[in-house]
Each structure stands twice: as C-alpha cells, then as structure tokens.
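**Student:**
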Amino acid sequence: MKPLHPGYCAALAREWPGWWVTWPLLRPVALGDAFLAGPQTLVRAGALPAHGIDPGAIRSSRRSDFLFDADGNISLRFKAAGTAVEGSTLSVGDAGARVSFSRGNSALVSFTDLSLQEYLDAPAVARALAARYWAGSWEIGQVAVTAVTTARRAAVLLAHDGQAEAEVRLSAKPGAGGLTLAGLSGGIDATDRRNMALIWSGRMVTPVFQVVGLRRRWRERIDQVYDPRQPGGFGAHPRPVPELVLADATAEPFEVIEELGADQPPAWDCDTAT
Numbered sequence: 106m107k108p109l110h111p112g113y114c115a116a117l118a119r120e121w122p123g124w125w126v127t128w129p130l131l132r133p134v135a136l137g138d139a140f141l142a143g144p145q146t147l148v149r150a151g152a153l154p155a156h157g158i159d160p161g162a163i164r165s166s167r168r169s170d171f172l173f174d175a176d177g178n179i180s181l182r183f184k185a186a187g188t189a190v191e192g193s194t195l196s197v198g199d200a201g202a203r204v205s206f207s208r209g210n211s212a213l214v215s216f217t218d219l220s221l222q223e224y225l226d227a228p229a230v231a232r233a234l235a236a237r238y239w240a241g242s243w244e245i246g247q248v249a250v251t252a253v254t255t256a257r258r259a260a261v262l263l264a265h266d267g268q269a270e271a272e273v274r275l276s277a278k279p280g281a282g283g284l285t286l287a288g289l290s291g292g293i294d295a296t297d298r299r300n301m302a303l304i305w306s307g308r309m310v311t312p313v314f315q316v317v318g319l320r321r322r323w324r325e326r327i328d329q330v331y332d333p334r335q336p337g338g339f340g341a342h343p344r345p346v347p348e349l350v351l352a353d354a355t356a357e358p359f360e361v362i363e364e365l366g367a368d369q370p371p372a373w374d375c376d377t378a379t
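Numbering follows my numbering, in which position 135 of the sequence shown is assigned residue number 240; successive positions increment by one, without gaps.
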C-alpha cells in the first residue's frame with residue numbers, strides 16, 4: 106500500500122477540506138458511484154441507480170482553476186520554442202520549463218477547466234439509503250459519492266526532497282498569455298528529472314470527491330427498534346419501510362446520513378491510500 110504524497114495531500118486539503126482525494130489520479134470516480142470503504146481500501150460497489158436509488162436534482166457549475174506552487178518553494182524557469190538555453194535538455198524547437206524545489210515533499214499542481222457536480226436533495230438521498238438499508242441491500246461501510254470536482258486538464262509534479270528538479274516539455278502550444286503555470290496542465294513530458302516522486306499530466310480527472318454514509322447511531326436505533334427488519338422464512342413477503350422512518354429522513358436527513366471527511370472512518374486519509 107503506497108501512501109499519498111504529503112505535499113499533494115496537504116495542497117488539496119487546503120482547497121477542499123474534508124473531501125476525499127482520488128489516488129491514483131486516473132481512478133474513475135463519478136457522481137452517484139457507490140463504494141465499500143474500509144480503513145485503507147475502497148472497493149467499487151456499483152452506482153446509486155443500480156441500487157434503485159434516485160438521488161434527485163443535480164447542480165453543475167464551473168469554478169476557477171486550481172494552481173498550487175508549493176507555497177512559493179519552487180523555482181520555475183520557462184523556455185520558449187525557438188530559443189536555446191545553455192544546459193537545457195530541451196531542443197531548440199521545444200517549449201518547456203525547468204522546475205526546482207527548495208523543500209522536500211513539495212507539490213506543484215495545476216488543475217484547469219474545473220467543474221463541480223453535486224446532488225442538491227439531501228432528503229432524497231437519505232430516504233433512498235434508508236430504504237436500501239431497510240431492505241438489507243446497503244452494507245455497513247458502503248458510501249455514496251454526492252459531489253465530484255473534475256479537471257479537464259491536470260499536471261502534478263511531486264518532489265522527494267529539497268534537491269528535486271525536473272525539466273519538462275510542454276505538449277500544447279502556449280495560449281495568449283504566454284508560458285504560465287496553468288499551461289503545464291496542457292500536457293508535459295519529462296526530459297530530465299532528479300529526486301522526483303511523480304511527474305504526471307492527464308485529462309478529465311476527478312481529483313477530489315465527497316461521500317455520504319449512514320450514521321452509525323441511526324443504524325443502531327433502527328436495528329434495535331425494528332428487530333428483525335425483515336421477516337424470516339421461505340416465501341415471506343418483504344416488510345415495507347415504515348412511514349415514520351421515511352418521514353424522519355425527510356425532516357432531518359443528516360440525522361440519517363453524514364458526510365464523511367477524509368479523516369473519518371470508513372475512509373482513507375493523507376497517510377494511507379490505495
């Protein structure tokens with residue numbers, strides 16, 4: 106099990122406190138996904154529609170780019186195409202950049218063209234998960250993705266120590282603003298590296314997401330008051346969800362469900378991730 110890079114995790118936690126970090130970055134995560142979460146694992150368990158769940162209205166919005174420069178603990182020197190730079194591993198025709206880190210475990214992160222998708226109807230989610238638990242088809246430790254932030258383009262450079270550096274070739278032509286930090290997310294290829302933990306770029310990734318699960322005290326109360334929830338025996342008809350349970354989920358949805366932070370089991374945190 107490989108731990109998350111602390112500098113990367115800290116950068117995202119500052120911008121999205123309490124959100125879960127997608128790692129590796131190419132792990133597919135979508136609004137409505139269901140997972141079975143353990144202390145250090147996350148196993149896909151279908152999606153909400155597959156569980157017969159209609160979570161209600163969805164809101165989509167755009168937000169500004171996310172750029173993190175290791176709190177200024179980097180030196181970034183750009184090279185324009187058509188120029189020659191002494192000591193560079195880039196060819197004259199390449200545009201690129203040399204990045205030097207002055208502090209260990211630092212992160213240079215560029216997420217551009219960000220968008221947010223989220224469910225708006227918490228009572229609908231609470232009613233649906235309560236009904237699935239009542240039917241015995243929603244396990245303890247199962248969580249649902251209720252919000253995702255997606256980046257159309259992304260670049261991540263992670264340093265091992267304060268002597269780390271890399272030179273990268275830009276895949277995309279610079280925009281009207283010229284060579285910028287945001288331009289790294291257009292695609293990079295490393296031509297030189299030293300003491301780097303990761304040099305990566307990609308498209309359409311979900312760096313962070315939010316999840317909800319059923320509250321433990323709610324499950325325990327349901328199990329105590331309605332024991333057994335379903336009749337036993339072959340051919341027994343399923344017992345419908347009591348109206349009082351659904352009414353409580355509508356009136357006080359966050360007494361039934363809870364948003365799980367990155368430091369709250371079942372989940373992984375910035376020290377352990379798969």
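Think of the CB as a built atom: it goes at the ideal place given N, C-alpha and C, for glycine as much as any other residue. Just so we're clear, the structure is a prediction, and the values are computed from it rather than from any experiment.
#1: If you follow the beta strand (DSSP E) that P312 is part of, which residue opens it and which one closes it?
#2: Kindly indicate which three-state DSSP category V327 falls into: helix, strand or coil?
#3: Would you mind working out which of A235, T254 and Q222 sits nearest L349, comparing C-alpha positions?
#4: For chain B, is any of its Cβ atoms less than 8 Å away from the one on T296?
#5: Whole angstroms is fine: what's the gap from A118's alpha carbon to L109's?
#6: Assuming T255 is part of the beta strand (DSSP E), what are its boundary residues?
#7: Taking 6 Å as the limit between beta carbons, can you name the residues of its chain near D226, skipping five residues before and five after?
#8: From T146, L130 and V204, pick the residue whose C-alpha is nearest to that of D294; which is it?
#9: In whole angstroms, give me the CA-to-CA distance for R334 and W243.
#10: Specify whether the segment 266 to 279 and the segment 189 to 200 touch according to this definition: at least 3 beta carbon pairs, one from each stretch, less than 8 Å apart.
#11: Relative to the C-alpha of A175, which candidate in S207, A356 and T146 has its C-alpha closest?
#12: Return the CA-CA distance between W121 and V313, expressed in angstroms with no decimal places.
#13: Could you give the first and the last residue of the continuous beta strand (DSSP E) run that contains V273?
#14: Grab the span of the beta strand (DSSP E) containing A150 for me, first residue to last.
#15: From I158 to G241, what distance separates their C-alpha atoms?
**Tutor:** With the structure as the only source:
#1: Numbered from 1 along the sequence shown, position 207 holds the residue referred to as residue 312. From DSSP, the beta strand (DSSP E) with P312 extends over M301 to L319.
#2: Taking the sequence shown and counting its residues from 1, one reaches residue 327 at position 222. The question names Val, but residue 327 is Ile in the sequence shown. Helix.
#3: Taking the sequence shown and counting its residues from 1, one reaches residue 349 at position 244. Of the candidates A235, T254 and Q222, the one whose C-alpha sits nearest the C-alpha of L349 is A235.
#4: You won't find chain B in this structure, because it holds only one protein chain.
#5: Here residue 118 is taken as the residue at index 13 of the sequence shown, counted from 1. Here residue 109 is taken as the residue at index 4 of the sequence shown, counted from 1. Approximately 12 Å between the Cα atoms of the pair.
#6: For the purposes of this step, residue 255 is taken as residue 150 along the sequence shown, with counting starting at 1. Counting along the chain, the beta strand (DSSP E) containing T255 begins and ends at Q247 to A264.
#7: Taking the first residue of the sequence shown as position 1, residue 226 is located at position 121. Within the same chain, D226 has close Cβ partners G161 and A162.
#8: The sequence position of residue 294 within the sequence shown is 189, counting from 1. For D294, the nearest C-alpha among the options comes from V204.
#9: If you number the sequence shown from 1, residue 334 lands on position 229. If you number the sequence shown from 1, residue 243 lands on position 138. Roughly 13 Å separates the two Cα atoms.
#10: yes
#11: Residue 175 sits at position 70 when you count from the first residue of the sequence shown. With distances taken between Cα atoms, A175 lies closest to S207.
#12: For the purposes of this step, residue 121 is taken as residue 16 along the sequence shown, with counting starting at 1. For the purposes of this step, residue 313 is taken as residue 208 along the sequence shown, with counting starting at 1. For W121 and V313, the distance between alpha carbons rounds to 8 Å.
#13: If you number the sequence shown from 1, residue 273 lands on position 168. Note, V273: beta strand (DSSP E), E270 to L275.
#14: Here the question's residue 150 lines up with position 45 in the sequence shown. Here the beta strand (DSSP E) through A150 covers L147 to A152.
#15: Translated into positions along the sequence shown, residue 158 becomes position 53. Translated into positions along the sequence shown, residue 241 becomes position 136. The alpha-carbon atoms of I158 and G241 are separated by roughly 14 Å.
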